[in-house]
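Colleague: With the numbering used here, you'll find the sequence shown wraps up at 552, consecutive numbering, no jumps. Handing you a structure now.
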Amino acid sequence: MDRDEVLAWLERKGSRRVADGMARYGITTGWKVVGVSVGTMQTLAKKLGKDHALALALWESEFYEARMLATMVADPQCVTKSQMNAWVKDFDNWAICDTACFCLWDRTPHAWEKARQWAKSPREFTKRAGFALMACLA
């Protein structure tokens, strides 16, 4: 599947009930939300396998679910420090932060360096990413 096919799939699987329910868990975002559960995204991620180019394209889409899926299909060995820095700047909720850390960044060669660097950040979700990475790596 390419980016457009994945976005269309997400929109078909989306549910207003799921989208509205995100707020109950403190998940708010400025991105477009279609309401796909994490379990449904994980099922698709397994079918897609690792595809770093697709992950980069999905991140650029500015769909919440596409960005979550991007963290699941990105190849940890292809992740660069500058990609990590760019993505962490986009974090605006705990769910995307934690998913990136627990599903992707903890497997990169840059994890320890970024954990130490980000833990000192004054930015809420950058700091959280630093501590989440430390928890993953401990």
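Just so you know, even glycine gets a beta-carbon here, dropped at the ideal spot from N, CA and C.
(1) Using C-beta distances below 6 Å, list every residue in its chain close to C492, excluding the 5 sequence neighbours before and after it, in chain order.
(2) Grab the span of the alpha helix (DSSP H) containing C517 for me, first residue to last.
(3) Does DSSP put F477 in a helix, in a strand, or in coil?
(4) How far does the alpha helix (DSSP H) with K446 in it reach, from first residue to last?
(5) Can you give me the C-alpha to C-alpha distance between V452 and D418, rounded to a whole angstrom?
(6) Only counting the same chain, and skipping five residues up and downstream in sequence, which positions put a Cβ closer than 6 Å to that of I441?
(7) With a threshold of 16 other CB atoms inside 10 Å of the CB of L424, please say whether the residue is buried or exposed.
(8) Give a yes or no on contact between the segment 530-540 and the segment 469-487, applying the rule of three or more CB pairs nearer than 8 Å.
(9) Take E384 and list the residues in its own chain whose beta-carbon comes closer than 8 Å to its own, dropping the five residues that flank it on each side.
(10) Assuming contact is defined by CB atoms lying nearer than 9 Å, are V532 and A543 in contact in what I supplied?
(11) Can you give the Cα-Cα distance for D520 and M482, rounded to whole angstroms?
Modeller: Let me spell this out:
(1) Here the set comprises H466.
(2) Counting along the chain, the alpha helix (DSSP H) containing C517 begins and ends at W508 to C517.
(3) In the structure shown, F477 adopts extended strand secondary structure according to DSSP, grouped into three states.
(4) Per DSSP, K446 lies in no alpha helix (DSSP H) segment and is marked neither H nor E.
(5) Answer to the nearest angstrom: the Cα atoms are 20 Å apart.
(6) For I441, where only same-chain residues beyond five positions count, the Cβ hits under 6 Å are N507 and A509.
(7) Answer is buried; the Cβ neighbour count reaches 16.
(8) Cβ pair count under 8 Å is below three, so no.
(9) Summary: the structure shown does not reach residue 384, with the chain confined to residues 415 through 552, and so no result is reported for it.
(10) First, the amino acid is wrong: residue 532 is Trp here, not Val. Cβ distance < 9 Å, so W532 and A543 count as in contact.
(11) Spanning the two alpha carbons is a distance of roughly 15 Å.
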